[in-house]
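Enquirer: This is the structure I have questions about; it appears just below.
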Amino acid sequence: GVGKTTLVQELFNRKSSNYHRSCFLSDVRENAGKISLHSLQKKLLNSLTQLDEQIENVSEGIELLKTHLSSCQALVILDDVDNVNQLNALLRPIRSVLHPHSLILITSRDKDVLTRSRVEESSIYRLTGLNTHQSQELFCLHAFPQGHPLPGFEELVENDLKACDGLPLSLKVFGALLYGNHDKSFWEDQLDRLEQILPDEIQKRLQISYYALQIDEKQIFLDVACFFIGEKRDTAIRIWDGSGWKGALGFQSLQNKSLVEVDTENQIRMHHHLRDMGRDL
């Protein structure tokens, strides 16, 4: 929720052209269980060498990565890693064989995963939240059509910023929940709910937006969290329409509320925390 994936994605977009090869492995935690670790090894190998080697298991993948990536100058990003086995399969084989001018970036919610994989303490950076000015800019962009507070809402905005504690995801989702609503009592009620939840309990905070959805929107949200991440938007909408839900309308409403996204290939995306929250409900 603090913006780790967004930050490394932006860095990848800006810097990948400076390297001979580059690879962004997104959502390693999810995909390691969904498509297997050796499939991620194959994707890494293919991105950095253009080889289409068949990899049957992790041990074979480790040897192929060591063999074919020797002296390769590359930018590699491993996003949302959550256990040592993932780094043993993806980081360990390449860290000693890549060209010295290569760059490997890892995002994780768990620092212990990095230290147990012998990542030096000096190489670990804890990402902090946005400052007050940045928080207000992001929140108002999602809460007000004009991008700045309405007269008389300044104090409410200030209190919302404190409650969101600089977390970009909370600022976006909570701002979108309030978008276009000029009823101060509604703002105060939602703020009361937010303030009753500890700052580090981000999933409970995100549930506020879920419970404010219409019935069909809730169903579509849960379907995305459990089944449709990575699927084509049009395919999912046809399935919802066939089930009697207003697919296009409901999905667009979730997009407007910053609960789902669609990438450049028309595939459905959802933030890790929102996905986990949906699966826990």
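Each residue of the sequence shown is one higher than the last, beginning at 197 in the numbering used here.
Just so it is clear, CB atoms sit at the ideal spot from N, CA and C, and this is done for glycine as well.
Since we're looking at a predicted model, the values are computed, not measured.
#1: Secondary structure at GLU351, three-state DSSP: helix, strand or coil?
#2: Measure the C-alpha to C-alpha separation of GLY376 and PHE340 and round it to an integer number of angstroms.
#3: Going by other Cβ atoms of all chains shown within 10 Å of its Cβ, with 16 needed for buried, is ASN227 buried or exposed?
#4: For a test of the three-state rule: what should DSSP assign to ARG305, helix, strand or coil?
#5: Flag this pair as yes or no: are the beta carbons of SER363 and GLY325 separated by less than 8 Å?
#6: Measuring straight from C-alpha to C-alpha, what distance separates LYS358 and ASP385?
#7: According to the Cβ coordinates, are ILE251 and GLN237 closer than 8 Å?
#8: Would you mind sorting GLY474 into buried or exposed? The rule is 16 or more other CB atoms within 10 Å of its CB.
#9: Are there three or more Cβ pairs, one per stretch, closer than 8 Å when the region 452–470 is compared with the region 424–434?
#10: Spatial neighbours of ASP437 within its chain, please: CB distance less than 8 Å, with the 5 preceding and 5 following residues excluded, ordered by chain position.
#11: By Cβ distance, which residues of its chain are closer than 7 Å to GLU391, with the 5 residues on each side in sequence left out?
#12: Near GLY343, what residues of its chain come up, given a Cβ to Cβ distance below 7 Å and the 5 sequence neighbours on each side ignored?
#13: Going by C-alpha to C-alpha distance, which of VAL315, LEU260 and LYS453 sits closest to PHE370?
#14: Spatial neighbours of THR245 within its chain, please: CB distance less than 6 Å, with the 5 preceding and 5 following residues excluded, ordered by chain position.
#15: My guess is that LEU373 and SER405 are in contact by the Cβ rule of under 8 Å, so how many angstroms apart are they, rounded?
#16: Within 10 angstroms of its Cβ, does ARG401 collect 16 or more other Cβ (buried), or is it exposed?
Expert: According to the structure data:
#1: Within the sequence shown, numbered from 1, the residue matching residue 351 stands at position 155. Three-state result, GLU351: helix.
#2: As a working note, residue 376 is residue 180 in the sequence shown. As a working note, residue 340 is residue 144 in the sequence shown. So the two alpha carbons sit approximately 6 Å from each other.
#3: Within the sequence shown, residue 227 is the residue found at index 31, counting from 1. Label assigned to ASN227: buried.
#4: Locating residue 305 in the sequence shown gives position 109, where the first residue counts as 1. If DSSP states are grouped into helix, strand and coil, ARG305 belongs with coil.
#5: As a working note, residue 363 is residue 167 in the sequence shown. As a working note, residue 325 is residue 129 in the sequence shown. As written in the sequence, residue 363 is Leu, which differs from the Ser given in the question. Yes, these two residues count as a Cβ contact at 8 Å.
#6: Within the sequence shown, numbered from 1, the residue matching residue 358 stands at position 162. Within the sequence shown, numbered from 1, the residue matching residue 385 stands at position 189. Taking the straight line from one Cα to the other gives about 16 Å.
#7: Locating residue 251 in the sequence shown gives position 55, counting from the first residue. Locating residue 237 in the sequence shown gives position 41, counting from the first residue. A contact, by the Cβ cut-off of 8 Å.
#8: Walking along the sequence shown from the start, residue 474 turns up at place 278. That one is buried.
#9: yes
#10: Numbered from its first residue, the sequence shown carries residue 437 at position 241. Setting aside the 5 residues that flank it on each side, ASP437 is surrounded in the same chain by GLY443 and ALA444, each with a C-beta closer than 8 Å to its C-beta; the list follows chain order.
#11: Along the sequence shown, one-based indexing puts residue 391 at 195. So the list reads ALA359, once near-sequence residues are dropped.
#12: Within the sequence shown, residue 343 is the residue found at index 147, counting from 1. Within the same chain, GLY343 has close Cβ partners CYS336 and LEU337.
#13: Indexing the sequence shown from 1 puts residue 370 at position 174. Nearest to PHE370 by alpha-carbon distance, out of VAL315, LEU260 and LYS453, is LYS453.
#14: If you number the sequence shown from 1, residue 245 lands on position 49. So the list reads HIS264, once near-sequence residues are dropped.
#15: On the sequence shown, position 177 is the one that residue 373 refers to. On the sequence shown, position 209 is the one that residue 405 refers to. Indeed, because the Cβ distance is near 5 Å, the residues count as touching under 8 Å.
#16: Residue mapping note: residue 401 aligns to position 205 of the sequence shown, counting from 1. Buried: at least 16 other Cβ atoms inside 10 Å.
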